[in-house]
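Q:
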Amino acid sequence: MSPLIQSPAWQALARHSDMMKSVHLADLFAQNPERTAQFSRLVAGLHVDYSKQRVTVETLALLQQLASAQGVLTRRDAMFSGEEINTTEDRAVLHVALRNRRNRPVFVDGADVMPEINTVLQRMRRFTEAVHEGRWLGYTGERITDVVNIGIGGSDLGPRMMCDALASHALPGMKVHFVANIAPSEIANLLKTLDPARTLFVVASKTFTTQETLTNAFAARRWFLDHANDPATVAKHFVAVSTNHTAVAAFGINTDNMFGFWDWVGGRYSLWSAIGLPIALYIGMNGFERLLEGAHGMDEHFRLATPEENLPLIMGLIDVWNSNFLGAETLAILPYGTRLGRLPAYLQQASMESNGKSVDLEGNRVDYSTGAIVWGGAGTNGQHAFYQLLHQGTRLIPSDFIAAIRTHTPLGDQQAMLLSNMLAQTRALMLGRGLDAVVAEMRAAGMDEATIARVSPHRVFLGNQPSSTILFPQMTPEAVGALVALYEHRIFVAGAIWYIDSYDQWGVELGKQMAGELLPAIGKVPITGAFDPSTEALLSTIHQHWL
Ligand code: G6Q
Numbered sequence: 003m004s005p006l007i008q009s010p011a012w013q014a015l016a017r018h019s020d021m022m023k024s025v026h027l028a029d030l031f032a033q034n035p036e037r038t039a040q041f042s043r044l045v046a047g048l049h050v051d052y053s054k055q056r057v058t059v060e061t062l063a064l065l066q067q068l069a070s071a072q073g074v075l076t077r078r079d080a081m082f083s084g085e086e087i088n089t090t091e092d093r094a095v096l097h098v099a100l101r102n103r104r105n106r107p108v109f110v111d112g113a114d115v116m117p118e119i120n121t122v123l124q125r126m127r128r129f130t131e132a133v134h135e136g137r138w139l140g141y142t143g144e145r146i147t148d149v150v151n152i153g154i155g156g157s158d159l160g161p162r163m164m165c166d167a168l169a170s171h172a173l174p175g176m177k178v179h180f181v182a183n184i185a186p187s188e189i190a191n192l193l194k195t196l197d198p199a200r201t202l203f204v205v206a207s208k209t210f211t212t213q214e215t216l217t218n219a220f221a222a223r224r225w226f227l228d229h230a231n232d233p234a235t236v237a238k239h240f241v242a243v244s245t246n247h248t249a250v251a252a253f254g255i256n257t258d259n260m261f262g263f264w265d266w267v268g269g270r271y272s273l274w275s276a277i278g279l280p281i282a283l284y285i286g287m288n289g290f291e292r293l294l295e296g297a298h299g300m301d302e303h304f305r306l307a308t309p310e311e312n313l314p315l316i317m318g319l320i321d322v323w324n325s326n327f328l329g330a331e332t333l334a335i336l337p338y339g340t341r342l343g344r345l346p347a348y349l350q351q352a353s354m355e356s357n358g359k360s361v362d363l364e365g366n367r368v369d370y371s372t373g374a375i376v377w378g379g380a381g382t383n384g385q386h387a388f389y390q391l392l393h394q395g396t397r398l399i400p401s402d403f404i405a406a407i408r409t410h411t412p413l414g415d416q417q418a419m420l421l422s423n424m425l426a427q428t429r430a431l432m433l434g435r436g437l438d439a440v441v442a443e444m445r446a447a448g449m450d451e452a453t454i455a456r457v458s459p460h461r462v463f464l465g466n467q468p469s470s471t472i473l474f475p476q477m478t479p480e481a482v483g484a485l486v487a488l489y490e491h492r493i494f495v496a497g498a499i500w501y502i503d504s505y506d507q508w509g510v511e512l513g514k515q516m517a518g519e520l521l522p523a524i525g526k527v528p529i530t531g532a533f534d535p536s537t538e539a540l541l542s543t544i545h546q547h548w549l
């Protein structure tokens with residue numbers, strides 16, 4: 003048994019959870035009138051209510067003891083001070099330094115990283131302002147109106163999600179597009195809609211070796227040169243965001259037009275670095291810096307607040323509670339409104355690539371669950387699709403409901419309807435509806451007793467599904483920055499409890515390597531015995547239909 007499972011703090015929580023599994027949320031509210039006040043916080047502009055989670059004062063106290071026993075806050079301090087907490091890659095983890103707006107010195111290998119960070123931010127400002135003010139023009143002298151980010155994974159999901167979230171802040175005349183997939187239709191369909199003379203490509207790749215990104219970037223360059231016919235014009239239309247100068251130069255992008263970042267920025271934590279360039283091109287550098295400010299507000303709270311007040315700590319501990327003690331396997335991210343529609347996919351990567359690990363920091367296989375399966379989708383759409391299983395399925399599914407209170411695009415009662423639907427779902431999931439209430443309702447509707455007996459069990463909702471609700475006044479850069487930083491730190495906290503390296507991603511390697519081995523076999527008759535029988539049969543099917 004692992005030291006974590008054996009620890010007194012874990013064992014105390016296990017005993018406590020035996021009792022809590024049979025407690026209903028409705029009873030917890032009835033027993034404690036202070037519950038909502040005790041279990042909500044206002045931090046960095048976010049109002050977060052976790053009173054509909056299946057926790058009590060005792061649960062949270064026991065979870066805090068677990069955090070203390072696991073040294074979570076010591077590890078937090080190590081992260082903020084630039085220690086190499088990503089031990090399998092020998093790297094510091096310093097996305098917090100990227101938004102360290104007060105410029106508190108942060109040292110990596112004895113050198114303060116803040117001057118370098120500020121230099122890149124200044125270069126981003128100069129470049130984006132030149133584009134916006136018409137001083138950076140395309141090869142025919144026209145202004146840039148369309149930005150195409152070519153990147154994948156961490157070099158795609160963050161900027162893509164943020165540009166959607168902050169579309170109401172877009173500068174007039176600026177459009178942004180994203181190409182990630184190697185599937186040819188993605189880039190081919192986009193290019194058909196673009197004017198090369200007004201298009202700027204941002205090739206975003208930390209390593210600048212990623213197959214999908216480089217292949218798409220070459221395709222974009224061929225398309226561009228088919229129109230511009232002059233290799234010298236590439237410099238006006240292609241910039242790079244990367245840590246790899248040599249590969250950027252080899253691609254043919256002038257490294258004067260390269261924006262750098264550092265190996266201590268993980269891909270899925272990189273939207274705050276120059277990987278955020280498309281955001282800055284879309285909403286302006288001031289908007290991008292407001293995003294950094296919002297995240298910094300949450301960072302400072304996480305760094306300085308007492309454990310009892312510390313929202314990312316509390317929410318990370320609740321994630322552990324739901325996974326390891328109540329048996330939840332997933333976390334549903336349910337933003338209300340379309341602007342945050344890409345947040346579930348973004349957080350899916352942030353959480354699942356960080357905490358989808360089964361070996362602890364000392365290389366031992368763990369004997370407890372780690373990262374939950376993160377999924378979700380925008381409300382109200384999801385209500386008409388997958389919520390059925392949340393309400394009446396057999397699984398415990400914690401969910402996060404997230405909404406901006408005011409909309410940038412008011413239209414009649416629609417925003418009020420959106421919010422009423424969201425609150426209704428959190429209430430319905432919590433309270434459910436028992437058989438007595440269902441029968442009474444059916445009788446009041448005049449139904450006959452035979453129908454009531456037959457149908458009423460199907461209309462029962464057990465409730466007791468835990469949720470948290472996150473509200474903020476409006477979809478501003480500050481609010482979304484704080485929101486994402488809250489989740490980043492929650493992920494950190496859960497990873498620290500589980501004693502895993504949340505900042506490596508070796509799990510992506512094996513498939514990449516095998517894709518390289520399979521590429522020469524696509525469209526050919528398979529060499530018998532080179533691969534497993536299933537793969538060889540699939541290769542044969544591909545061969546039969548290839549060209
Ligand atoms: C993120 C991952 C991964 C990475 C992509 C793109 O943490 O490491 O999603 O961001 O594989 O990598 P490049 O930026 O190097 O192209």
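Note that my numbering gives residue 198 to position 196 of the sequence shown, counting from 1, and the numbers run on in steps of one. Note that the Cβ used here is the ideal one computed from N, Cα and C, for glycine as well. Here the structure is a predicted model, which means the values were calculated and not measured.
Contact between the region 271–290 and the region 160–167: three or more CB pairs below 8 Å?
A: The answer is yes - the region 160–167 touches the region 271–290, with three or more Cβ pairs under 8 Å.
Q: Can you give me the C-alpha to C-alpha distance between residue 57 and residue 203, rounded to a whole angstrom?
A: The residue you call residue 57 lines up with position 55 of the sequence shown. The residue you call residue 203 lines up with position 201 of the sequence shown. Going by the C-alpha atoms only, they are around 49 Å apart.
Q: State yes or no: is the C-beta of residue 363 within less than 8 Å of the C-beta of residue 499?
A: The count along the sequence shown starts at 1 and reaches residue 363 at position 361. The count along the sequence shown starts at 1 and reaches residue 499 at position 497. Not a contact, by the Cβ cut-off of 8 Å.
Q: Mapping DSSP to helix, strand and coil, what is residue 300?
A: On the sequence shown, position 298 is the one that residue 300 refers to. Residue state, collapsed to three classes: helix.
Q: Is the distance from the Cβ of residue 92 to the Cβ of residue 86 below 8 Å?
A: Your numbering for residue 92 matches position 90 in the sequence shown. Your numbering for residue 86 matches position 84 in the sequence shown. In contact: residue 92 and residue 86 (Cβ atoms closer than 8 Å).
Q: Would you report the Cα separation of residue 388 and residue 152, rounded to the nearest angstrom?
A: Here residue 388 refers to the residue found at position 386 when the sequence shown is read from its first residue. Here residue 152 refers to the residue found at position 150 when the sequence shown is read from its first residue. Taking the straight line joining both Cα atoms gives about 32 Å.
Q: Whose C-alpha, out of 477, 356, 549, is nearest the C-alpha of residue 505?
A: Working through the sequence shown from its first residue, we reach residue 505 at position 503. Comparing Cα-Cα distances from residue 505 to each of 477, 356, 549, the minimum goes to 356.
Q: Return yes when the Cβ of residue 333 is within less than 8 Å of the Cβ of residue 384, no when it is not.
A: Start at 1 with the first residue of the sequence shown, and residue 384 comes out as number 382. Start at 1 with the first residue of the sequence shown, and residue 333 comes out as number 331. No.
Q: Following the continuous alpha helix (DSSP H) through residue 218, name the residue where it begins and the one where it ends.
A: The residue you call residue 218 lines up with position 216 of the sequence shown. Start and end: 213–230.
Q: Buried or exposed: where does residue 232 fall if 16 or more other Cβ atoms within 10 Å of its Cβ makes it buried?
A: Mapped onto the sequence shown, residue 232 falls at position 230. Exposed.
Q: Going by C-alpha to C-alpha distance, which of 382, 437, 472, 67 sits closest to residue 485?
A: Your numbering for residue 485 matches position 483 in the sequence shown. Checked all of 382, 437, 472, 67; the closest Cα to residue 485 is 472.
Q: Taking only the alpha-carbon atoms, compute the straight-line gap between residue 535 and residue 541 and give it to the nearest angstrom.
A: Translated into positions along the sequence shown, residue 535 becomes position 533. Translated into positions along the sequence shown, residue 541 becomes position 539. Their Cα atoms are separated by approximately 10 Å.
Q: Below 8 Å on the Cβ atoms is my guess for residue 101 versus residue 294; work out the distance and round it to an integer in Å.
A: Residue numbering aside, residue 101 sits at position 99 when the sequence shown is read from its first letter. Residue numbering aside, residue 294 sits at position 292 when the sequence shown is read from its first letter. Going by Cβ atoms, the distance from residue 101 to residue 294 rounds to 4 Å, so yes, they are a contact pair.
Q: Buried or exposed, going by whether 16 or more other CB atoms sit within 10 Å of the CB of residue 53?
A: Residue mapping note: residue 53 aligns to position 51 of the sequence shown, counting from 1. The residue is buried, with at least 16 neighbouring Cβ atoms inside 10 Å.
Q: Ordered along the chain, which non-local residues of its own chain (more than five positions away) have a Cβ less than 7 Å from that of residue 18?
A: The count along the sequence shown starts at 1 and reaches residue 18 at position 16. Around residue 18: 60, 61, 64.
Q: Nearest-angstrom Cα distance between residue 359 and residue 370?
A: The sequence position of residue 359 within the sequence shown is 357, counting from 1. The sequence position of residue 370 within the sequence shown is 368, counting from 1. Roughly 11 Å between the two C-alpha positions.
Q: Alpha carbon to alpha carbon, how far is residue 197 from residue 130?
A: Locating residue 197 in the sequence shown gives position 195, counting from the first residue. Locating residue 130 in the sequence shown gives position 128, counting from the first residue. Each residue's Cα considered, the two are about 20 Å apart.
Q: Which of helix, strand or coil does DSSP assign to residue 377?
A: For the purposes of this step, residue 377 is taken as residue 375 along the sequence shown, with counting starting at 1. In this structure, residue 377 counts as strand in the three-state DSSP scheme.
Q: Assuming the contact rule is C-beta atoms closer than 8 Å, residue 96 and residue 267 should be a hit. Round their C-beta distance to whole Å, please.
A: The residue you call residue 96 lines up with position 94 of the sequence shown. The residue you call residue 267 lines up with position 265 of the sequence shown. Going by Cβ atoms, the distance from residue 96 to residue 267 rounds to 7 Å, so yes, they are a contact pair.
Q: Starting from the N-terminal side, write out each stretch of the beta strand (DSSP E) that is 3 residues or longer and does not extend beyond the region 34–77.
A: As far as the region 34–77 is concerned, its whole beta strand (DSSP E) runs of at least 3 residues are 42–45, 48–51.
Q: Reducing DSSP to helix, strand and coil, say where residue 93 ends up.
A: The count along the sequence shown starts at 1 and reaches residue 93 at position 91. Three-state DSSP puts residue 93 in a strand.
Q: When you measure from the CB of residue 270 to every non-hydrogen atom of the ligand G6Q, does any distance come out below 7 Å?
A: As a position in the sequence shown, residue 270 is number 268, starting the count at 1. At least one heavy atom of the ligand G6Q is nearer than 7 Å to the Cβ of residue 270, so yes.
Q: In three-state terms, what does DSSP make of residue 148?
A: On the sequence shown, residue 148 is found 146 positions in, with the first residue counted as 1. Residue 148: strand per DSSP, three-state reduction.
Q: For the region 378–432, list the beta strand (DSSP E) runs that are entirely contained and at least 3 residues long, ordered along the chain.
A: Counting only runs of 3 or more, we get 401–408.
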